[in-house]
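**Q** One structure, pasted below without further comment.
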Amino acid sequence: MDEHIQAIILAVVERAPQWVRRDLEAKDIGVRARAEETLAAMITAALKGEAVPATQTAAATPD
């Protein structure tokens, strides 16, 4: 993985909302899957050069 891509992914992980961080550790498979899918979408958007605020993603999913 080149350094540029690694830096993009690191930036996304650093700004991940608290609910995503918490839900990644959840025992409930559905809750954990939601967090994984959200983080994957955030990384994909960042790699495509799209700016998706973390709050927009969190607002779209009930907590």
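Sequence positions in the sequence shown follow my numbering and run 1316 to 1378. Glycine included, each C-beta is placed from N, C-alpha and C at the ideal position. Small disclaimer: the values here were computed from a predicted structure and weren't measured.
CA-CA distance, D1317 and I1344?
**A** Those two C-alpha atoms are separated by around 32 Å.
**Q** For the candidate residues L1362, T1359, V1328, W1334, whose alpha-carbon lies nearest to that of A1349?
**A** The sequence shown places Arg at residue 1349, not Ala. It is W1334 whose Cα lies nearest to the Cα of R1349.
**Q** Below 8 Å on the Cβ atoms is my contact criterion, and I expect E1351 with L1339 to pass it. Report the Cβ-Cβ distance as a whole number of Å.
**A** At roughly 7 Å, the Cβ-Cβ gap stays under 8 Å, so E1351 and L1339 are in contact.
**Q** So R1337 is in the alpha helix (DSSP H); what residue range does that whole segment cover?
**A** Counting along the chain, the alpha helix (DSSP H) containing R1337 begins and ends at 1333 to 1339.
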